[in-house]
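One structure is given here, and the rest of the page talks about it.
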Amino acid sequence: ILNVEQSPQSLHVQEGDSTNFTCSFPSSNFYALHWYRWETAKSPEALFVMTLNGDEKKKGRISATLNTKEGYSYLYIKGSQPEDSATYLCALADEGNQFYFGTGTSLTVIP
Amino acid sequence: DSGVTQTPKHLITATGQRVTLRCSPRSGDLSVYWYQQSLDQGLQFLIQYYNGEERAKGNILERFSAQQFPDLHSELNLSSLELGDSALYFCASSVGLAGEYEQYFGPGTRLTVT
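Protein sequences appear in the order of chains V and H. For the first sequence, this note's numbering assigns the number 1 to the initial residue and increments by one for each residue that follows. For the second sequence, this note's numbering assigns the number 1001 to the initial residue and increments by one for each residue that follows.
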């Protein structure tokens, strides 16, 4: 079983602050890295899928980077808004199509 | 709305029983994934089907089985249920086979075993 780690476990920021979280994974097993946004009482919503070392993806105020050689990905949120409050999950896909999820970073944006 | 549907939404059953959870993927998606989220654990990958065939197997117990039908809907069968099987079960679908395709999650089925 692979270990996908996310940090921090939780984060409280003020509205308007920018923030970032980390997802670490064993680089030797990498095939793809998924980021999800998961609001309470809903289901995970796909944000990004990244496959290439050095990849950067952006969707509105949210962006992500990937370093497959050292085994980490960063998710950035610029100018956090209360509606960004959610748990952000990353998941590693290996070449055998196994998926390994981190335990998530819970973000609370205080108005 | 992701376009993935799961039924039932809630299920309460007793230990030792058997239940079937159903998932219909988004139109055009050929892959279906099943995941389990227990209270004390994160999301655990159970199994993947692609176009009717099993393609990847994760931490799925032998008491659990799944299949994908010709119309691409999938069912997850859980038998000899134990208290520890109480969890939220998600299915997700994607258009392709491999792990680089975006997955769309259904609303989940909450199973309570008493």
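Glycine included, C-beta positions come from ideal geometry on N, C-alpha and C.
Where N53(V) sits in the DSSP three-state scheme: coil
Residue(s) in a DSSP beta bridge with H1010(H): R1110(H)
Quick check on DSSP: helix, strand or coil for L1083(H)? In the structure shown, L1083(H) adopts helical secondary structure according to DSSP, grouped into three states.
If you check the beta carbons only, do F101(V) and G1042(H) fall under 7 Å apart? Yes. Within cutoff.
Proximity of S1073(H) and S1027(H) at Cβ, strictly below 7 Å: The identity of residue 1073(H) in the sequence shown is His, whereas the question assumes Ser. No, the pair does not count as a contact, with Cβ atoms beyond the cut-off.
Alpha carbon to alpha carbon, how far is L1097(H) from S1031(H)? 6 Å
F21(V) touches chain H at which residues, Cβ-Cβ below 8 Å? Those do not exist, as F21(V) stays about 15 Å from chain H at its closest Cβ, beyond 8 Å.
Ignore the nearest five residues each way along the sequence and tell me which others in T65(V)'s own chain have a CB closer than 6 Å to its CB. E56, Y74
Identify the residues that DSSP records as bridge partners of H34(V): which are they? V49(V), A91(V)
Report yes or no: do the stretch 1003-1016 of chain H and the stretch 7-18 of chain V share at least 3 C-beta pairs separated by less than 8 Å? no
Should L1076(H) be listed as close to the ligand MG, given that the test is whether its C-beta is under 6 Å from any heavy atom? For the structure depicted, the ligand MG is absent and the ligand set is empty, with no information on it obtainable.
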